[in-house]
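For reference, the structure is listed below as structure tokens.
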Amino acid sequence: MLDLDKYIDNSMKIKVLGKVYDILEPTIAMNMQIDKIEKDLNESNMHQKRIDVAKILMDHNRQGKRFTEDELKQIPFEGLTRLLAEIALFRLKADEDPNLKSQSQTEK
Numbered sequence: 000m001l002d003l004d005k006y007i008d009n010s011m012k013i014k015v016l017g018k019v020y021d022i023l024e025p026t027i028a029m030n031m032q033i034d035k036i037e038k039d040l041n042e043s044n045m046h047q048k049r050i051d052v053a054k055i056l057m058d059h060n061r062q063g064k065r066f067t068e069d070e071l072k073q074i075p076f077e078g079l080t081r082l083l084a085e086i087a088l089f090r091l092k093a094d095e096d097p098n099l100k101s102q103s104q105t106e107k
């Protein structure tokens with residue numbers, strides 16, 4: 000059985016500004032919003048766009064915390080880059096998830 004609720008509840012713990020948050024897996028709607036933000040990404044707007052994307056991702060947490068732009072600007076560039084990369088790994092986990100195996104794969 001394909002259990003989609005498993006993906007809705009999927010999260011990773013992120014510690015930022017001294018507190019731990021459970022950041023939930025991005026939804027399709029969030030990915031579409033991020034695609035719009037990144038559509039015209041270039042060197043001159045890269046930092047602001049990363050903050051905009053990080054806000055969308057970080058605000059999607061179990062604790063209900065809404066981050067301000069000023070809070071996100073306190074995160075070093077490398078930390079923000081790592082955050083975006085780690086959340087992107089949610090997609091890769093799906094490839095290893097037995098929940099996604101089709102019936103034909105399990106019959107082999």
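If you count by numbering that gives the first Met the number 0, then the sequence shown holds residues 0 to 107, one letter each, in order.
The beta carbon of each residue, even a glycine, is placed where N, CA and C say it ideally should be.
Among residues of its own chain, excluding the 5 on either side of residue i, which ones have a beta-carbon nearer than 7 Å to its beta-carbon?
i: M0; result: none
i: N131; result: Since the first residue of the chain shown is 0 and the last is 107, residue 131 is not available in this structure.
i: Q32; result: I55
i: L40; result: K48
i: I36; result: K48, D51, V52
Take residue i and list the residues in its own chain whose beta-carbon comes closer than 8 Å to its own, dropping the five residues that flank it on each side.
i: L71; result: I50, A53, K54, M57, L79
i: T26; result: H59
Under a three-way DSSP split, which group does residue i fall into?
i: M0; result: coil
i: K72; result: helix
i: K38; result: coil
i: D51; result: helix
i: K5; result: helix
Exposed or buried, what is residue i when buried is set at 16 or more other beta-carbons lying within 10 Å of its beta-carbon?
i: L3; result: exposed
i: I7; result: exposed
i: I74; result: buried
Tell whether a beta-carbon distance below 8 Å holds between residue i and residue j.
i: D21; j: Q62; result: yes
i: N116; j: F89; result: The requested residue 116 is not part of the displayed model; the chain covers only 0 to 107.
i: I13; j: L82; result: yes
i: M11; j: E77; result: no
Among the options, whose alpha-carbon lies nearest the alpha-carbon of residue i?
i: K64; options: H46, N30, N9, V15; result: V15
i: A87; options: K18, N44, E24; result: E24
i: K18; options: P75, I7, I27, F66; result: F66
Can you find a C-beta in chain D that's less than 8 Å from the C-beta of residue i?
i: V52; result: Absent from the structure: chain D. Only one protein chain is present.
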